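Report on one structure; see the data block that follows.
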Amino acid sequence: MHEARKVSGRESGRTVNDPRQASVAAGPCAICRRGAHPGRGDSVRTRRFTIRSAGKYLYWRCRVQRRAAPADRCARHFMQNYPSRERPARRGRPASDPHFMPDSGSSPVTSIPLSRPSLSEREHRYVNEVLRSDRLAMGPFLAAFEQRMAGVCGTRHAVAVSSGTAALHLIVRALGLGPGDEVLTTPFSFVASANAALYEGARVRFADIDPDTFALDPGQAARALTPATRALLAVDVFGVPADWPALAALAERHGLHLIDDACEALGAHIGGRPVGAWGAAAAFGFYPNKQITLGEGGCITTNDDALAARCRSLRNQGRADDARMEHVDLGFNYRLDELSAALGCAQLERLETLLARRAAVAAWYAEDLADLAEDLTLPPIRRTAAGAGSSTSSGWRITSPRMRVIG
Numbered sequence: 036m037h038e039a040r041k042v043s044g045r046e047s048g049r050t051v052n053d054p055r056q057a058s059v060a061a062g063p064c065a066i067c068r069r070g071a072h073p074g075r076g077d078s079v080r081t082r083r084f085t086i087r088s089a090g091k092y093l094y095w096r097c098r099v100q101r102r103a104a105p106a107d108r109c110a111r112h113f114m115q116n117y118p119s120r121e122r123p124a125r126r127g128r129p130a131s132d133p134h135f136m137p138d139s140g141s142s143p144v145t146s147i148p149l150s151r152p153s154l155s156e157r158e159h160r161y162v163n164e165v166l167r168s169d170r171l172a173m174g175p176f177l178a179a180f181e182q183r184m185a186g187v188c189g190t191r192h193a194v195a196v197s198s199g200t201a202a203l204h205l206i207v208r209a210l211g212l213g214p215g216d217e218v219l220t221t222p223f224s225f226v227a228s229a230n231a232a233l234y235e236g237a238r239v240r241f242a243d244i245d246p247d248t249f250a251l252d253p254g255q256a257a258r259a260l261t262p263a264t265r266a267l268l269a270v271d272v273f274g275v276p277a278d279w280p281a282l283a284a285l286a287e288r289h290g291l292h293l294i295d296d297a298c299e300a301l302g303a304h305i306g307g308r309p310v311g312a313w314g315a316a317a318a319f320g321f322y323p324n325k326q327i328t329l330g331e332g333g334c335i336t337t338n339d340d341a342l343a344a345r346c347r348s349l350r351n352q353g354r355a356d357d358a359r360m361e362h363v364d365l366g367f368n369y370r371l372d373e374l375s376a377a378l379g380c381a382q383l384e385r386l387e388t389l390l391a392r393r394a395a396v397a398a399w400y401a402e403d404l405a406d407l408a409e410d411l412t413l414p415p416i417r418r419t420a421a422g423a424g425s426s427t428s429s430g431w432r433i434t435s436p437r438m439r440v441i442g
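The sequence shown begins at 36 in the working numbering and counts up by one.
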């Protein structure tokens, strides 16, 4: 083994072909200052995806490439500031963003995660505060998290629960929906949207979606109503709000409960109001692929005092507020623990930063895929809701391009 030596930035980006240099030990990674690259001659497998057409269909084509990794980068950060020859970095940003790299540097980077939680020192600090306390459930962080969620959504109440599915279930239960009732919802959603009604014995009826938002189409919903329909359950798919002004008008006209499955849309707005403030109640989910994460967790937001009180009771085994061991309803163990609530408080304090980050990534996709505009349709950064006449912003859970069928 040759004696370790300092490698300059200019040298570090150069492909190394000299076998003698392949065994030279490198110093710490220039990015994280921890892991060191095992050798200057090591090559790393990368994948480059391109879009090809065959007949009337479009498909993704993957080409595996090998290239020498910079000597002053560990395996986790080797792509940072290391643009490929085929696709150079644009506007000063790296061709591959280190925020989306895997945590472990033990294996080559071969894919970009769909979503990776963003955790700061604040999250660690708040969780450690709980661990040092004697209160691991139903404590001050839970109350603080609920208060902050209500503030973000512009509602009087927020009820934190164990998951987004639990939030939807409690809303359906608290509204009294059950056998003989019909819940009209979208077929384009996660299975929990329909399951929430099925749990209570209600019948699920589907109406088609708006092709622009992927959400329940108000016109299609109006045509699908039956005498048994008692509720509309719309979903903010991929973080893009449904047309809530039109859905609210439809629900009011027919005397229906309006439920918002906002599990993917925290921070989105429509009609001058945040998602979560429309209808009887809204449900949010905080799985690690959402705008903020609690690991697991969910929340109900509502302006209905009675609905909020019943959801609080139902999440805690149907327990009465004023009696510790008096259970007045058939409830569930849907409580959110204090550790998760602490994590949620820290995440909510960083919500604007996290949303801005997602919007920036969406803008990068829009820029880089602009030359495929004839074959791909990307969701706009902002749009105007039909009939609402006001700006609508997405929560950017996912940037969802649509491919055009050729021919």
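All C-beta atoms, glycine included, are put in the ideal place defined by N, C-alpha and C.
All values reported here derive from a predicted model rather than from experimental measurement.
As assigned by DSSP and simplified to three states, the class of residue 235: coil
Taking its Cβ as the centre, do 16 or more other Cβ atoms sit within 10 Å of residue 368, making it buried, or is it exposed? exposed
On the three-state DSSP scale, how would you describe residue 372? strand
How far does the alpha helix (DSSP H) with residue 401 in it reach, from first residue to last? 386 to 403
What does residue 406 pair with, by DSSP beta-bridge criteria? Paired residues: none, contrary to the question.
Spatial neighbours of residue 371 within its chain, please: CB distance less than 7 Å, with the 5 preceding and 5 following residues excluded, ordered by chain position. 177, 195, 196, 197 and 332
Can you tell me whether DSSP reads residue 186 as helix, strand or coil? helix
Rounded C-alpha distance that separates residue 499 from residue 319: Here the chain comprises residues numbered 36 to 442, so residue 499 is not present and cannot be evaluated.
Length of the line joining the Cα atoms of residue 129 and residue 399: At residue 129, the pLDDT of 47 sits below 50, so the modelled position is not reliable and the matter cannot be decided from this model.
Measuring CB atoms only, is the segment 220 to 239 touching the segment 343 to 358, in the sense that at least three cross pairs come out at less than 8 Å? no
Nearest-angstrom Cβ-Cβ length linking residue 256 and residue 267, presumed shorter than 8 Å: 6 Å
Since residue 340 is in the alpha helix (DSSP H), which residue starts that stretch and which ends it? 340 to 350
Go through its chain and collect everything with a Cβ distance to residue 246's Cβ below 7 Å, but skip five positions before and after it. none
Check whether residue 203 and residue 230 have beta carbons under 9 Å apart: yes
Going by the CB atoms, is the gap between residue 233 and residue 327 shorter than 9 Å? no
Spatial neighbours of residue 381 within its chain, please: CB distance less than 6 Å, with the 5 preceding and 5 following residues excluded, ordered by chain position. 157, 158 and 161
Any non-hydrogen atom of the ligand HEM within 8 Å of residue 305 CB: The ligand content of the structure shown is nil, which means the ligand HEM is not present either.
What is the C-beta distance between residue 206 and residue 343, in whole angstroms, given that I count them as a contact (C-beta under 8 Å)? The Cβ separation is near 11 Å, so there is no contact.
What three-state label does DSSP hand residue 78 in the structure shown? Residue placement at residue 78 is flagged as unreliable, the pLDDT there being 49, under the threshold of 50; the coordinate-derived value follows with that caveat. Note: residue 78 maps to strand in three-state DSSP.
Out of curiosity, what's the CA-to-CA distance linking residue 236 and residue 164? 42 Å
Looking at the structure shown, is residue 1 part of a helix, part of a strand, or coil, going by DSSP? Past the edges of the chain, shown from 36 to 442, lies residue 1, and the structure says nothing about it.
DSSP state of residue 175, grouped into three classes? helix
How about residue 277 and residue 305: are their beta carbons less than 9 Å apart? yes
In three-state terms, what does DSSP make of residue 84? Reliability fails at residue 84, whose pLDDT of 46 lies under 50, so the model's placement of it is uncertain and no value is given.
For residue 296: DSSP bridge partner residues: 270 and 318
Can you list, in chain order, the residues of its chain with a C-beta nearer than 8 Å to that of residue 363? Leave out the 5 residues immediately preceding and following it. 348, 353, 354 and 355
DSSP three-state assignment for residue 488, whether helix, strand or coil: Residue 488 lies beyond the residue range present for the chain, which begins at 36 and ends at 442; the question has no answer from this structure.
Grouping DSSP H, G and I as helix and E and B as strand, with all else coil, what is residue 240? strand
Given a cut-off of 9 Å on the beta-carbon distance, is the pair residue 339 and residue 310 in contact? no
Are the CB atoms of residue 150 and residue 325 nearer to each other than 9 Å? yes
Residues bridged to residue 195 [DSSP beta-bridge criterion]: 334
Go ahead and pull the three-state DSSP assignment for residue 200. helix
Taking just the CA atoms, how far does residue 200 sit from residue 293? 17 Å
Anyone know if the C-beta pair for residue 191 and residue 219 falls short of 9 Å? no
Going by other Cβ atoms of all chains shown within 10 Å of its Cβ, with 16 needed for buried, is residue 208 buried or exposed? buried
For residue 158, report the span of its beta strand (DSSP E) as first-last. No beta strand (DSSP E) contains residue 158, which is instead part of the alpha helix (DSSP H) from 156 to 167.
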